[in-house]
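Colleague: Just so you know, the protein sequences line up as chains A and B, in that order. Using full-length UniProt numbering, read the first sequence as starting at 1 and increasing by one per residue. Using full-length UniProt numbering, read the second sequence as starting at 1 and increasing by one per residue. Structure provided below as structure tokens; questions to follow.
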Amino acid sequence: MAKDAADTPFFQKRKSEGQIVVKDPPKFDLESYISNYDGFTRADRLRHIGSHSTYLAVDAYRTAIAEAKRGKNVKLYLDLVEEFAQIAPDDPAALTDTTWAMERTKKVEAEKDKLEHELKSYKNNMIKESIRMGNEDMGHFYYAAGDYSLAHKAYMRMREHCTSPKHLADMTLRLLLVTIAQKSWLTVQSHIAKVDSTQVKGDEKAKLEPIVSACAGLAHMGALNFRDAATAFINTSPAFLTAEPAAGITWQREVITGNDIAVYGGLCALASMDRSQLKDRVLDNNDFRNFLELEPHIRRAINLFCASKYSACLEVLENYRNDYLLDVYLSKVLSDIYGRIRRKSIVQYFIPFSCVTLDEMASKFQLTSEYGSIEDELETMINNGTLDARIDLVDRLLISPPTNPRYNVHADALAMAETYDHTLRLRLTRLNMLAAGFEVRQDKGGSKEAAYKDSSFGDGISAGLRGIGSKMGFS
Amino acid sequence: MSAETINSLLSFQPDAPELQRKREYDREAREFVKHINGSTPVTFLKGADSPQDPLNVLDPTTNAIAYAYTLRHRIEAAIKQTPDQVRPGGSLWNKLVLFLESFDPIQMRYAGEQWRKLVDYVEVAARNEGAPALAIAPIRSAMFRLDPTTGTFTSTHLRFIQLCMETRSYKAALPVLNNYIHSLPAAIAKETLDDLEYSVVAADSVASGEYINLKSGHTAKISLTDLQEYYVLGAMAYLGERQVKDALHFLEHVLVTPANNALNGLMLEAYKKWVLISCLADKSYKTPPRTMSSAAVKHCKNAAKAYEALAEAFQQLNNLPKLKAQVNAGSEIWAEDGNTGLVEELLEHQNRAYLSRLSRTFSAIPVSNIASNVGSSVDQVTTFVGSLIQQGLLNARLEANDKSGAGAVLRFYLDPTQGPLAKTEKQQQQALFEQTQRTDALAEQVKDADYRLSITKEYVEYVKRQKKKNGAGGGGGADAMDMTFDDGDMDEDIMGDMR
């Protein structure tokens, strides 16, 4: 079946669009994997897996369609069915259930009208708390119907009717969830800052912290700030695993699980930290250890990296590449993260040597599909300044260039002095020209140079010039 | 009290003969010029070609002023009556050349008009003979005798560079071009000059901007285009001598012209050449100098789009076909602007830039690899690389490969202190030392320019107004006159450690 799915028009099209298509079966079991999630992310993840893995496509779409049918998001259902029809047209689930869709649309419309009506009457009564709850209900409704931007607006309208810090915090958390669903990471970051600055105290605050740091990590990772992401993830307290729902959201099921935190945090740390930092801040971190235990292979990869066994580390990661490509948040940034880890491994590996044969490098670092040969990869790395080395193509060696700081300082000083000197000369030239009244003017008729004694050549200019004169020493 | 202290306390002697002498000299020289100016031309023609010929009696090194006047009048007369004497090789020509090479520089500060006319005569005479190149050496020595820094721009500068370009004697122009133009002749009020407030012309250490001004007669009135033309022509001369970086710097002097939301033709031309030459000089197209006004940059960029595109294509070192296509596409533009030669140079240069970039990546690379990358034959590349190494453009060597069949190998020197281009520490130190001196000289020149600004009419009026504003108590004027140029010495301190 896997082979069939790869040839369907859907995957052909995605391939031609340059999207990621994973052919090999992943290591996880779809059933048990998805049972960890609830809420929007469940359908979202299923859809992602379905549209990326030819192996799991059919199962994932079937589950997703069943899931969508339980909810209020009719559009999601229709989209899913349409996509599924391109993969397995003969499957019973691929036929659009028009009657259900009609009925559900009607029901949803009716619910919306009811809520709007209620909200209006609350507004007439001018009771703050009721208005807040009315708006909240609207937000919940839009969120469930999959209209995230309207949900965002509805939640935003709660603000002026919030009376306690708790209300404010709840509202911001709701907004956070909606923006995560939209995957607009910049907005997520601003909402995180707002949650952080809410006035809740004591236990309440302690409850929010793990949620905030987990979401912050996610947002940073989405925005490609791997270092910030790693810091946020590894500082997430293990309380996150058992946290009670906040603002009616079970964060560890609806957004990001402990396993996810371990994987995301571990990979981001590998991509952005050096060996000693990894050891101090990741492996010896008691909080993060709880997460790492959930994903032992990430722990092993980091251990191997710290022990300078780069090729083994890369191998471990490579084994899990397919799994991670099917993760809804990782798939976009994975090649970037892997590329960084690989480049860093090469740089770290080369540091203690003055010269390594290229064949040794090639055997230590298995080639990826990106480059044709290890020389090409190394050449690119040297050219963009990642690796400080030279390639000897004759003896097939990678050589660390000798450094001569004394010479370099002299050469730099000389170059700097020359540039400075030249800049100063240019400025003096300009100043002299101004003083002599030489200026290109726009008027076409008259002569281009203003006469020196022209009274319109203002005193102001001359005065300003003196300023330039004394500033020329430095600037 | 030790004797030393007393000596230092007594060191200022207002009646000291040297001090007196300079002022005296100045007065006398002025008087003499005034007097000799009053004489009729006939006076100077008396005794010509006789044993009592004043030109034989007078010595250019001691009687420079008198000699200059006499010589000028004699030449003027000779042009009408016996033009042969003025022709190169003629008696007056020989005297003229001798004079220009040996006159007393201090005296000629007072007789600017005569100096300029004599210099003009050399050029005219050489041109009449059909051999303008003959005039280059005398003019140059005249310029250097008058002002050893040749740093005050005069109309002679422009005539000189025009002459050099006409005769393609670029090398002859270099000594003048290498000197930075630190002053433009200023218009200084007569009273200031007469009361010696600006400077004593005869003083030993004066900047040339002090005795060469619009009133001294050494230069005709100069305009902005004159100055710009000088720089553009100078850049061309540098290019002729393959001093690409200097050419680039010269063009930048044109680019920084103050512009009030407008351009002139020379600026645009300079910009176009600048784009091309910056590729040749640094292998990378960089941003225009910061001193250039942003409006001017925008105008230039708009007007020279073809050149920008060319520079961009040049950047892509691995994409020779693209550059070729650009060059062909714009061939009419280059021809029209007279830049075809430069553009072709660019094409050639791309390979060189590609090779020197290799040195940042490889320590050794078989020539055959390079050949397949650039798409030409191994032999061609080998000769090309060999010539680059010989010209000192690559710090590398070509060596035969011991493995069979691979052909020659290009091996770069990794350590900057090795190889043919290496500089020893001593050389570096020397370079740093010379740079320090240049910077010091520049600081002096800046100071001088600042002073010149402070005596302009506009500035004086500005100070007056400021004073009025501040009321009677405000000593604003005195403050503004403060010469705070000590901060220019910062560089010296940095360098100080290295001596």
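Built from N, CA and C at the ideal position, the CB exists for glycine as well. Fair warning: this is a prediction, and the values are worked out from it, not measured in the lab.
Check B:ASP337 in the structure and name its three-state DSSP category.
Modeller: Translated into positions along the second sequence, residue 337 of chain B becomes position 337. In the structure shown, B:ASP337 sits in a helix (DSSP, three-state: H, G or I).
Colleague: How would you call A:SER345, buried or exposed, if buried means at least 16 neighbouring beta carbons within 10 angstroms?
Modeller: In the first sequence, residue 345 of chain A corresponds to position 345, counting from 1. Buried, because 16 or more other Cβ atoms sit within 10 Å of the Cβ of A:SER345.
Colleague: Cβ of B:ILE365 less than 8 Å from any chain A Cβ?
Modeller: In the second sequence, the residue the question calls residue 365 of chain B occupies position 365. It does; some Cβ of chain A falls within 8 Å.
Colleague: Which chain B residues are close to A:ASP421, counting only those with a beta carbon under 9 Å from its beta carbon?
Modeller: Here residue 421 of chain A refers to the residue found at position 421 of the first sequence. The contacting residues are GLN435, ARG438, THR439, LEU442 and ASP491.
Colleague: Express the C-alpha separation of B:ALA335 and B:LYS298 in angstroms, rounding to a whole number.
Modeller: By 1-based counting over the second sequence, the position of residue 298 of chain B is 298. By 1-based counting over the second sequence, the position of residue 335 of chain B is 335. Whole-angstrom Cα-Cα distance: 24 Å.
Colleague: Using the beta-carbon of each residue, which ones in chain A are nearer than 9 Å to B:ARG452?
Modeller: Stepping through the second sequence from its first residue, residue 452 of chain B is reached at position 452. Those within 9 Å of B:ARG452 in chain A are ASN432 and ALA435.
Colleague: What are the partner residues of B:MET362, as DSSP defines its beta bridges?
Modeller: Position 362 of the second sequence holds residue 362 of chain B. For the sequence presented, residue 362 of chain B should be read as Phe rather than Met. A:ILE391.
Colleague: With a cut-off of 8 Å on the beta carbons, I'd call A:VAL316 and A:ARG300 a contact; round off their distance for me.
Modeller: Against the first sequence, residue 316 of chain A aligns to sequence position 316. Against the first sequence, residue 300 of chain A aligns to sequence position 300. That pair is a contact at about 6 Å.
Colleague: Would you mind sorting A:ASP327 into buried or exposed? The rule is 16 or more other CB atoms within 10 Å of its CB.
Modeller: Reading the first sequence from its first residue, position 327 is the one you call residue 327 of chain A. Buried.
Colleague: Inspect the beta-carbon positions of B:HIS253 and B:TYR231 and report whether they are closer than 8 Å.
Modeller: Here residue 253 of chain B refers to the residue found at position 253 of the second sequence. Here residue 231 of chain B refers to the residue found at position 231 of the second sequence. Cβ atoms of B:HIS253 and B:TYR231: closer than 8 Å.
Colleague: Could you tell me whether the Cβ of A:ARG427 comes closer than 8 Å to any Cβ of chain B?
Modeller: Numbered from its first residue, the first sequence carries residue 427 of chain A at position 427. Yes, its Cβ sits closer than 8 Å to a Cβ of chain B.
Colleague: When DSSP builds the beta bridges, which residues end up paired with A:ARG174?
Modeller: As a working note, residue 174 of chain A is residue 174 in the first sequence. Partner(s): none; A:ARG174 has no beta bridge.
Colleague: Near B:ASN213, which residues of its chain fall below 6 Å by C-beta distance, leaving aside the five closest residues on each side in sequence?
Modeller: The residue you call residue 213 of chain B lines up with position 213 of the second sequence. Taken in chain order, the residues that qualify are PRO185, ALA186 and ILE188.
Colleague: What does B:ALA449 reach in chain A if we use C-beta pairs closer than 8 Å?
Modeller: As a first step, residue 449 of chain B must be located in the second sequence, where it is residue number 449. The answer, in chain order, is LEU428, LEU431, ASN432, ALA435 and GLY469.
Colleague: Taking A:TYR320 as the reference, which of A:ARG343, A:VAL22 and A:LYS15 has the closest Cα?
Modeller: By 1-based counting over the first sequence, the position of residue 320 of chain A is 320. From the listed residues A:ARG343, A:VAL22 and A:LYS15, the smallest Cα separation to A:TYR320 is found for A:VAL22.
Colleague: Using only CA atoms, which one of A:ALA243, A:ALA223, A:ILE180 and A:ARG227 lies nearest to A:PRO210?
Modeller: For the purposes of this step, residue 210 of chain A is taken as the residue at position 210 of the first sequence. Of the candidates A:ALA243, A:ALA223, A:ILE180 and A:ARG227, the one whose C-alpha sits nearest the C-alpha of A:PRO210 is A:ALA243.
Colleague: So, is the C-beta of B:ALA186 closer than 8 Å to a C-beta in chain A?
Modeller: Position 186 of the second sequence, counting from 1, holds the residue named residue 186 of chain B. So, interface residue.
Colleague: By DSSP, does A:PHE141 sit in helix, in strand, or in coil?
Modeller: For the purposes of this step, residue 141 of chain A is taken as the residue at position 141 of the first sequence. Reduced to three states, the DSSP call for A:PHE141 is helix.
Colleague: Cβ of A:ILE302 within 7 Å of any heavy atom in the ligand SAH?
Modeller: This structure lacks the ligand SAH, and indeed carries no ligand of any kind.
Colleague: Grouping DSSP H, G and I as helix and E and B as strand, with all else coil, what is A:LYS13?
Modeller: Counting from 1 along the first sequence, the entry for residue 13 of chain A is found at position 13. In this structure, A:LYS13 counts as helix in the three-state DSSP scheme.
Colleague: My understanding is that A:ALA230 touches A:GLY265, with C-beta atoms under 8 Å, so please give their C-beta distance in whole angstroms.
Modeller: Sequence index remark: in the first sequence, residue 230 of chain A carries index 230 (1-based). Sequence index remark: in the first sequence, residue 265 of chain A carries index 265 (1-based). 6 Å between Cβ atoms; contact.
Colleague: Which residues of chain B have a Cβ atom closer than 9 Å to the Cβ of A:ARG390, listed in chain order?
Modeller: Here residue 390 of chain A refers to the residue found at position 390 of the first sequence. Going along chain B in sequence order, the residues near A:ARG390 (Cβ under 9 Å) are SER359, ARG360, THR361, PHE362, SER363, ALA364, PHE412 and LEU414.
Colleague: Is the segment 331-351 of chain B touching the segment 390-398 of chain B, taking contact as three or more C-beta pairs under 8 Å?
Modeller: no
Colleague: For A:PRO401, go through chain B and note every residue whose CB falls closer than 9 Å to its CB, in chain order.
Modeller: For this step, residue 401 of chain A is matched to residue 401 along the first sequence. Those within 9 Å of A:PRO401 in chain B are SER363, LEU414 and ASP415.
Colleague: Compare the beta carbon distance of B:VAL343 and B:LEU276 with 8 Å and say whether it is the shorter of the two.
Modeller: Translated into the one-based positions of the second sequence, residue 343 of chain B becomes position 343. Translated into the one-based positions of the second sequence, residue 276 of chain B becomes position 276. Cβ distance < 8 Å, so B:VAL343 and B:LEU276 count as in contact.
Colleague: If you draw a straight line from the C-alpha of B:ALA304 to the C-alpha of B:GLU312, how long is it?
Modeller: In the second sequence, residue 304 of chain B corresponds to position 304, counting from 1. In the second sequence, residue 312 of chain B corresponds to position 312, counting from 1. When rounded, the distance between both Cα atoms is 13 Å.
Colleague: At a Cβ cut of 8 Å, what residues of the segment 249-273 of chain B count as close to chain A, listed as they run along the chain?
Modeller: Within the segment 249-273 of chain B, the residues whose Cβ lies closer than 8 Å to some Cβ of chain A are HIS249, GLU252, HIS253, VAL256, THR257, PRO258, ALA259, ASN260, ASN261, ALA262, LEU263, ASN264 and MET267, listed in chain order.
Colleague: For A:SER335, I'd like the list of residues in its chain whose CB is within less than 8 Å of its CB, leaving aside the five on either flank, ordered along the chain.
Modeller: Within the first sequence, residue 335 of chain A is the residue found at index 335, counting from 1. The answer is none, since no qualifying residue turns up.
Colleague: Whose Cβ in chain B lies nearer than 9 Å to the Cβ of A:GLU379?
Modeller: Counting from 1 along the first sequence, the entry for residue 379 of chain A is found at position 379. Near A:GLU379 (Cβ distances below 9 Å), the residues of chain B are THR361 and PHE362.
Colleague: Taking beta-carbon pairs under 9 Å, can you tell me which members of the segment 161-181 of chain B lie near chain A?
Modeller: TYR180 and ILE181
Colleague: Contact check, A:ALA417 vs B:GLN435 under 8 Å by CB: the rounded distance?
Modeller: As a first step, residue 417 of chain A is located in the first sequence; it is residue number 417 there, counting from the start. As a first step, residue 435 of chain B is located in the second sequence; it is residue number 435 there, counting from the start. The Cβ separation is near 5 Å, so the contact holds.
Colleague: Taking Cβ-Cβ distances below 7 Å as the criterion, which residues of the segment 364-383 of chain B are in contact with chain A?
Modeller: ALA364, ILE365, PRO366 and ASN369
Colleague: Identify every residue that forms a DSSP beta bridge with A:LEU397.
Modeller: Walking along the first sequence from the start, residue 397 of chain A turns up at place 397. According to DSSP, A:LEU397 bridges with A:THR357 and A:ASP392.
Colleague: Using a C-beta cutoff of 8 Å, does A:ASN404 count as contacting chain B?
Modeller: Translated into positions along the first sequence, residue 404 of chain A becomes position 404. Yes, its Cβ sits closer than 8 Å to a Cβ of chain B.
Colleague: Please check the pair B:LEU388 and B:LEU355, which I expect to be a contact at CB under 8 Å, by giving their CB distance rounded to whole angstroms.
Modeller: Here the question's residue 388 of chain B lines up with position 388 in the second sequence. Here the question's residue 355 of chain B lines up with position 355 in the second sequence. Contact flag correct, Cβ pair sits at about 6 Å.
Colleague: In whole angstroms, what separates the C-alpha of B:LEU323 from that of B:PHE314?
Modeller: Start at 1 with the first residue of the second sequence, and residue 323 of chain B comes out as number 323. Start at 1 with the first residue of the second sequence, and residue 314 of chain B comes out as number 314. So the alpha carbons of these two residues sit roughly 6 Å apart.
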